[in-house]
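Working notes, structure below.
Chains as they are written, first to last, in full-length UniProt numbering: chain U, 1 to 169; chain S, 1 to 169.
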């Protein structure tokens with residue numbers, strides 16, 4: 001049994017969908033997952049690509065199964081320029097402790113360094129102590145704890161109501 | 001004295017740089033601004049565009065000055081698909097209270113609605129009560145307060161150290 005880390009292909013989308021759900025269950029938010037396979041395929045591999053992804057592929061006796069992924073996209077800091085945001089990072093529980101996570105996250109970080117991105121950012125639930133410890137051990141900084149940054153969201157009717165305020169020429 | 005809200009042009013970059021610095025001073029983080037005008041021009045208006053921007057322009061007696069901006073880019077939720085992240089949103093103090101902010105933020109939200117983005121996200125410092133109150137009045141949700149999301153960052157030597165763990169095939 002070997003585990004390889006590689007860039008995702010369109011044919012990986014079902015496996016990535018399964019892992020997206022695995023991560024949502026782990027975060028106790030599985031009811032919030034509205035993603036459909038066709039949307040993920042189009043948005044990741046269509047004419048406009050909204051994300052990139054590394055996958056960990058367990059190969060044994062000619063069969064392969066995705067057991068981890070790190071999905072990311074470029075963001076922009078008006079203070080430091082191009083950065084990367086790691087939207088999802090997950091390894092199936094039975095494959096943890098083997099360094100797969102480090103290889104996945106390392107791949108995202110390598111892209112950041114190669115593309116001269118100043119930062120890799122990501123979000124973690126405050127109650128997720130094992131993940132927080134994992135990230136802090138690797139030198140990540142909790143910007144909410146240290147600088148008191150809060151993440152805000154506009155959605156639904158509040159989003160639509162504000163959209164009606166636009167009078168752009 | 002009319003104030004026009006419009007999409008930014010490359011020629012607006014100096015005005016946007018001035019506002020980026022004003023916002024950083026307001027956030028008490030001006031020492032963190034490393035951005036240079038050539039970088040902003042290239043990254044916003046070059047071959048690969050990392051952000052989009054609306055500006056509020058004050059026009060009087062044939063002269064114009066940028067007095068506010070809202071800079072944003074597309075992000076991706078594996079639960080809901082395409083979203084928008086509003087990286088910076090700022091109106092110079094002397095022009096507040098005139099609805100310019102609502103028009104700028106409204107323009108970003110209108111793009112979100114037109115492009116079928118489920119959410120507009122942004123970050124606010126926890127001590128910035130006046131901004132927090134403003135956003136909450138518009139129906140925005142503090143996800144750090146409500147769901148305990150923390151923003152993490154990897155940068156500098158910690159980022160490079162993680163990058164060295166990559167062994168992608």
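For each residue, glycine too, the CB sits at the ideal point set by N, CA and C.
At a beta-carbon threshold of 8 Å, the residues of chain U lying near residue 106/S are 162, 163, 164, 165, 166, 167, ordered along the chain. Two segments are said to touch when three or more pairs of C-beta atoms, one from each, lie closer than 8 Å; by this definition the stretch 46-64 of chain S does not touch the stretch 50-61 of chain U. Taking the Cβ atoms as the reference, residue 43/S lies roughly 7 Å from residue 82/U, within the contact range of under 8 Å. Closer than 7 Å at the C-beta level to chain U, one finds these residues of the stretch 28-54 of chain S: 32, 33, 34, 35, 39, 43, 50, 51, 54. Counting C-beta atoms within 10 angstroms of its own C-beta, residue 119/U has 16 or more neighbours from the protein chains shown and is therefore classed as buried. As summarised for the stretch 77-115 of chain S, the continuous beta strand (DSSP E) elements at least 3 residues long and confined to that stretch are 81-91, given in chain order.
For residue 4/U, the chain S residues whose Cβ falls inside 7 Å of its Cβ are 169, in order along the chain. Residue contact check for residue 1/S against chain U: no CB pair falls below 8 Å. For the stretch 129-146 of chain U, the beta-carbon criterion of a distance under 8 Å to any beta-carbon of chain S is satisfied by 132, 135, 138, 139, 140, 141, 142, 143, 144, 145. Taking 8 Å as the cut-off, the beta carbon of residue 103/S is found no closer than this to the beta carbon of residue 141/U. For the alpha helix (DSSP H) assignment, the uninterrupted runs of no fewer than 4 residues enclosed by the stretch 31-73 of chain S are, from N- to C-terminal side, 37-45. Nearest C-alpha to residue 69/U among 77/U, 86/U, 37/U, 78/U: 86/U. The alpha carbon of residue 12/S has as its nearest neighbour, out of 24/S, 40/S, 21/S, the alpha carbon of 40/S.
Residue 85/S belongs to the set of residues whose beta carbon lies under 8 Å from a beta carbon in chain U. If the five residues before and after residue 21/S are omitted, its C-beta is found closer than 8 Å to the C-beta atoms of 30, 33, all from its own chain and listed in chain order. In the DSSP assignment, residue 14/U falls within the alpha helix (DSSP H) that extends over 13-26.
Among the residues facing chain S, residue 75/U is included, as its CB has a counterpart in that chain under 8 Å away.
Flagged as an interface residue toward chain S: residue 33/U, by a C-beta distance shorter than 8 Å. The alpha-carbon of residue 145/S is positioned some 8 Å away from that of residue 150/U.
Taking 8 Å as the threshold, the shortest C-beta distance from residue 141/S to chain U falls below it.
Residue 86/U has 72/U as its beta-bridge partners, per DSSP. The beta carbons of residue 87/S and residue 73/S sit closer together than 8 Å. CA-CA distance, residue 111/S to residue 8/S, rounds to 14 Å. Proximity of chain U to residue 102/S at the Cβ level (cut-off 8 Å) is accounted for by 162, 165, in chain order. Assignment of beta-bridge partners to residue 142/S by DSSP yields 152/U. Taking 7 Å as the upper bound on Cβ-Cβ separation, chain S lies near residues 105, 106, 107, 109, 110, 112, 113, 118, 119, 120, 121, 122, 123 of the stretch 104-123 of chain U. Taking 8 Å as the CB threshold, residue 28/U stays off the interface with chain S.
In terms of Cβ geometry, residue 90/S and residue 76/S do not form a close pair [threshold 8 Å].
Residue 37/U does not reach chain S, its nearest Cβ partner there being about 12 Å away, counting only Cβ pairs nearer than 9 Å.
Taking a beta-carbon distance threshold of 8 Å, residue 50/U counts as an interface residue toward chain S. For the stretch 83-104 of chain U, the set of residues with a beta-carbon nearer than 7 Å to any beta-carbon of chain S comprises 85, 87, 88, 102, 103, in chain order. Residue burial is scored here from C-beta neighbours: residue 148/S has fewer than 16 other C-beta atoms within 10 angstroms and is therefore classed as exposed.
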